[in-house]
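Structure record follows, encoded as structure tokens.
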Amino acid sequence: MASDAKLKEDLPSLTDRIVATYKQIGTINHLGHCPLPNYEIIISALEDLKEIIYPGYRRREGLHMGNITYHVGDIIDGLHDKLTTQIARALQHDERLKRERGECDPDEKTDYEAKGQAMAIEFLNRLPKLRDQLSTDVQAAYDGDPACRSLDEVIFCYPGLEAVSVFRIAHELYTLGVPFIPRMMTEWAHKQTGIDIHPGATIGNYFFIDHGTGVVIGQTCEIGEHVKLYQGVTLGALSFDTDSDGNLVRGMKRHPTIEDHVVIYANATVLGGRTTVGHNSVIASSVWLTRSVDPHTTVLLEKPRLRLRSETPPEEISEEVNFQI
-12 MASDAKLKED LPSLTDRIVA TYKQIGTINH LGHCPLPNYE IIISALEDLK
38 EIIYPGYRRR EGLHMGNITY HVGDIIDGLH DKLTTQIARA LQHDERLKRE
88 RGECDPDEKT DYEAKGQAMA IEFLNRLPKL RDQLSTDVQA AYDGDPACRS
138 LDEVIFCYPG LEAVSVFRIA HELYTLGVPF IPRMMTEWAH KQTGIDIHPG
188 ATIGNYFFID HGTGVVIGQT CEIGEHVKLY QGVTLGALSF DTDSDGNLVR
238 GMKRHPTIED HVVIYANATV LGGRTTVGHN SVIASSVWLT RSVDPHTTVL
288 LEKPRLRLRS ETPPEEISEE VNFQI
């Protein structure tokens, strides 16, 4: 059946009703002449950065020491321009929010472009150190997974490395004071991998997330070196303090500290800013932990019960098996 052309006559009225909501509900639209960071360009910059960090594994093939300088130099030049503009936009919008969502000030004296360029240059200068740090994460994945056959397999295949790579990039921007963009990056990685790492977290070298799906690491979490997490681990907040008006108190340490050489198995939950897991400890699967544990401690559930129910005739009674993790 053909569409009814008369029904389309109502579309202008619908458009007017939708546009009217932009004045009524101004909290979820951004109109005006102050551009926000561009999501597609931010993700494009991420892909450029991963091409530099892991050359030969991503877009360009046939790289060698004879052409790598030109290739990296070309990407760095483009990143300078992308990041300068996007950071400048983020800084300007952040300042606008501090003015309680005021309009762009036509007499604004701040040179956001110059600030954005300075931050972009400082960030790019951190890339050699960032590559060194990520090389330890690749090694940790290979050393920690007996199913892995090579470092190449880690770089090509492991979602944990993808999430950690984006986190480490975003964390450097976060520590420089760049607003919005670090969170845009890590939430993109969250969508891609199912691993949610806030860019404000602090994570040491040789960090490995095995399998990965469902891992959550909060903003004020501090993680040492040689730490291994399995899928479903949550390093979260125990509660949220509020002020006298009932608003959340921000800027406090809300998430746990995980010291060196700790292993946390699948679906374990560790909560609270005062909670510390001491070095060389093991947290078993499905543990709920809200208090600190000393170094060299194993934390596990006490005597869980496995019940096996058979389909055999009634005279063959079901058996119950007690076991310890």
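Numbering (my numbering), first residue to last: -12 to 312.
Quick reminder that beta carbons are idealized off the backbone N, C-alpha and C, glycines included.
Everything numeric in this text was worked out from a predicted model, so none of it was measured.
| Query | Result |
| --- | --- |
| For residue 289, three-class secondary structure by DSSP | coil |
| Identity of the residue in 236, 174, 9 nearest residue 182 by Cα | 174 |
| Start-to-end residues for the alpha helix (DSSP H) that takes in residue 141 | 138 to 144 |
| Coarse secondary structure for residue 18, derived from DSSP in three states | coil |
| Length-filtered (3 minimum) beta strand (DSSP E) runs lying within the region 219 to 293 | 221 to 223, 256 to 258 |
| Same chain, Cβ closer than 6 Å to residue 55, five either side skipped, listed in chain order | none |
| For residue 50, the three-state DSSP class (helix, strand or coil) | coil |
| At least three beta-carbon pairs within less than 8 Å, the region 136 to 153 to the region 68 to 85 | no |
| Where residue 215 sits in the DSSP three-state scheme | strand |
| Coil, strand or helix - residue 195 by DSSP | strand |
| For residue 206, the first and last residue of its enclosing alpha helix (DSSP H) | Here residue 206 belongs to no alpha helix (DSSP H), and DSSP marks it neither H nor E. |
| Residue 295 (DSSP reduced to helix, strand or coil) | strand |
| Alpha helix (DSSP H) segment containing residue 169, residue limits | 168 to 180 |
| Range covered by the alpha helix (DSSP H) that runs through residue -1 | -2 to 11 |
| Integer-rounded CB distance, given that residue 83 should sit under 8 Å from residue 326 | No statement about residue 326 is possible, as the shown extent of the chain runs from -12 to 312 and does not include it. |
| From 297, 270, 293, residue whose alpha carbon lies closest to that of residue 284 | 270 |
| Proximity winner among 125, 265, 171, 204, relative to residue 254 (alpha-carbon distances) | 204 |
| Rounded C-alpha distance that separates residue 21 from residue 110 | 24 Å |
| beta-carbon residue 255 near the ligand COA non-hydrogen atom, thresh 6 Å | Summarising the ligand content, the structure contains no ligands, and the ligand COA is consequently not present. |
| Three-state secondary structure (DSSP) of residue 119 | helix |
| Cutoff 7 Å; reference residue 304; Cβ partners in own chain excluding five residues on either side | Low local confidence applies: a pLDDT of 48 at residue 304 is under 50, so the model's placement there is unreliable, with the coordinate-based value given in what follows. So no residue of the chain qualifies. |
| Extent of the continuous alpha helix (DSSP H) run through residue 165 | Counting along the chain, residue 165 falls outside any alpha helix (DSSP H), and DSSP gives it neither H nor E. |
| Alpha carbon of residue 142 to alpha carbon of residue 193, nearest angstrom | 14 Å |
| Reference residue 265, options -4, 272, 139, 278, closest by Cα | 278 |
| Buried or exposed (CB count within 10 angstroms, at least 16 for buried), residue 294 | exposed |
| When 273, 168, -11, 5 are compared against residue 290, the one with the closest alpha-carbon | 273 |
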